[in-house]
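Residue numbers (the numbering used here): -6 to 310. We put the CB at the ideal spot given by N, CA and C, even for glycine. A short worksheet on the structure shown next.
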Amino acid sequence: MDATTLTKQLPFTLTGTDFPALGEKYRGKVRDTYRQGDRLVLITTDRLSAFDHILTTLPFKGDLLNQMAHFWFQKTAQVVKNHVLDMPDPCVTVARRADPFAIEFVVRAHLTGSLWRDYEAGKDPYALGLPKGMKKDQAFDRAILTPSTKAQLGAHDEPISAAQVVQRGLASARDWQRASEAALALFAAGQAQAKSRGLILVDTKYEFGLIKDELILIDEMHTPDSSRFWVAEGWESRFREGKPQVMLDKENLRQWLITERGFSGQGTPPAIPDEVRVSLAQTYVTAYERITGLTFSAEIGDVRARIEANLRRAKLI
Ligand SMILES: Nc1ncnc2c1ncn2[C@@H]1O[C@H](COP(=O)(O)OP(=O)(O)O)[C@@H](O)[C@H]1O
Ligand SMILES: [Mg+2]
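Dropping the structure here:
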């Protein structure tokens, strides 16, 4: 999909939804989640967040994100059970409601992002005990888990060590153990799939919950919002030469905010110009196409009306 098409969709982006017939609504940063008993309807909007602020919307981001998550949920259903029941619209997932752990299970294969910034500053909030002298973006021998607490809306997630997760009662020792194993198994599956598509799954975040004592993968999966993806070709020479990686994820936006606007989460977030919105949307399209091997297509027009029609067709409203 080209920049012209994405630009034409700018006036139609989905900022939010209001479908009271779907149940009780929770508005997250990106998704509007409706609950009715054991069933959730998750609508992925076009909202874009960074540093825990909602900044703007991007054309077709909801379609792209939800369909990418769906792709991965299907690919890994044999590895770990997930919450998905149905996808009645490109933006909508019907799911089983789980009792979520208030933990983000972050798995990393490279020393980059916030972990690199901590490491450089001599901090070790996850009690990892990494060797001295590692370089930015360096690959670990094996993937590591760096959990954080899942903060309420408006607050920032905080790093937490594995021992503290259990001590603070965020998960039992058994649940921590099996969720950690599940996270690492999903990550290995994601790495293999990414590699086959010429990409590197650098790091990602999972959320898990329980349904009748069964561990279930919930929320989203391996999307550019929850993960870093690098282009595999040439990554090692870029690393050796200390050059930035070719990134297919939200890190592009974070870099733009920091370098162009001096914004890294504190104070009032800046306005995002339309050219930047279109170019970010293009990154999501590229990620979608590279990951799934499919060509992205969507009709220009009112996303809300389309969702409403599809919800009716699925007899959800
Ligand atoms: N199957 C599920 N059961 C219970 N909660 C879920 C499930 N799937 C996702 N969630 C929750 O729904 C919300 C999804 O919306 P999102 O925009 O990601 O919110 P947030 O700003 O909290 O990240 C998240 O809080 C996530 O934890
Ligand atoms: Mg979320």
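DSSP places Val195 in the strand class (E or B) of the three-state scheme. Taking C-alpha positions only, Thr10 is separated from Tyr19 by approximately 11 Å. Nearest C-alpha to Val296 among Cys84, Thr139, Ala70: Cys84. In this structure, the beta-carbon distance from Phe222 to Ile284 falls below 9 Å. For Asp134, the secondary structure class from DSSP, reduced to helix, strand or coil, is strand.
Contact check for Glu174 and Lys74: beta-carbon distance about 13 Å, past the 8 Å limit, so the pair fails to qualify. Check the Cα spacing between Phe53 and each of Ala132, Ser290, Ser42: the tightest is with Ser290. The C-beta distance from Ser141 to Glu113 rounds to 19 Å, too long to fall under 8 Å, and the pair is not in contact. For Ala88, DSSP records a beta bridge to Leu33, Val77. For Leu208, the three-state secondary structure derived from DSSP is strand. CA-to-CA, the gap between Ser272 and Asp(-5) works out to about 10 Å. As DSSP reads the structure, Phe201 sits in a beta bridge with Leu210. Residues with their Cβ less than 7 Å from any non-hydrogen atom of ligand 2, running along the chain, are Gly21, Lys22, Val23, Arg24, Asp212, Glu213. Rounded to whole angstroms, the gap between the alpha carbons of Leu104 and Gln60 is 28 Å. A direct Cα-to-Cα measurement between Arg254 and Gly30 gives close to 44 Å.
Burial check for Asp267: the Cβ neighbour count within 10 Å stays below 16, so the residue is exposed. Shown here, Ala70 sits in coil according to DSSP, grouped into three states, outside any helix or strand. Under the DSSP definition of a beta bridge, Thr50 partners with Arg40. In the pairwise beta carbon analysis, the segment 34 to 54 is classified as touching the segment -6 to 8: at least three pairs are separated by under 8 Å. Within 8 Å of the C-beta of Pro262 there is not a single heavy atom belonging to ligand 1.
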